[in-house]
Amino acid sequence: DTIESQPIENIATPITQPEIESKISPDQYRKIANSLVMKLRKNEDDENCENWNRSRLISWYLDEIEKQIESEEQLFSARNLVDKIIDRLLYKDHVLIQLSDIGLKDISINSQEKVEKEDKDNQVLVAHPNYVIDI
Numbered sequence: 001d002t003i004e005s006q007p008i009e010n011i012a013t014p015i016t017q018p019e020i021e022s023k024i025s026p027d028q029y030r031k032i033a034n035s036l037v038m039k040l041r042k043n044e045d046d047e048n049c050e051n052w053n054r055s056r057l058i059s060w061y062l063d064e065i066e067k068q069i070e071s072e073e074q075l076f077s078a079r080n081l082v083d084k085i086i087d088r089l090l091y092k093d094h095v096l097i098q099l100s101d102i103g104l105k106d107i108s109i110n111s112q113e114k115v116e117k118e119d120k121d122n123q124v125l126v127a128h129p130n131y132v133i134d135i
């Protein structure tokens, strides 16, 4: 089989962990996204607070929901889910902005591959100043 004749699902890199269902409702997405954005905004307003990167934001979120997590599999699933939500907030919804050492990071579709090759966990995240949080 050539790559052209294979379905898209077969081309994807195999996942080493067991694949866990990560579909959520729009309300759940909005709730998680808003909590992430509110946390980033709160930290931006605090003059003494350090910059937050992806891994720190994920750790904060997992700490917030730790009482709901009962197993290692649920922890992995929750981490995967919030990572995907951050990706969507960055690359699709443009609610979050990545900052590099020299300023704004170009996150166009062509440069998304470059960002993924870099250590994306260390990129500083900020909330877009024009984004209004849905309550």
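Per UniProt numbering, the very first residue in the sequence shown carries number 1; after that it's consecutive. Each residue gets a CB set at the ideal place from its N, CA and C atoms; glycine is no exception.
Nonlocal neighbours in the same chain, by C-beta distance under 8 Å from L40, ignoring five residues either side: W52, L57, L96, L125, V126, A127
For N80, three-class secondary structure by DSSP: helix
Extent of the continuous beta strand (DSSP E) run through I97: 96-100
Beta-carbon proximity of I86 to A78, cut-off 8 Å: no
Beta-carbon spacing of L99, A33 below 8 Å: no
Through-space distance from V82 to Q74, alpha-carbon basis: 12 Å
Reference V132; option with closest CA among E64, S35, I24, N43: S35
Cβ-based burial, I15 [other Cβ within 10 Å; buried from 16]: In this prediction, I15 has a pLDDT of 40, which is less than 50 and means its spatial position is unreliable; what the coordinates show is noted afterwards. Exposed: under 16 other Cβ atoms inside 10 Å.
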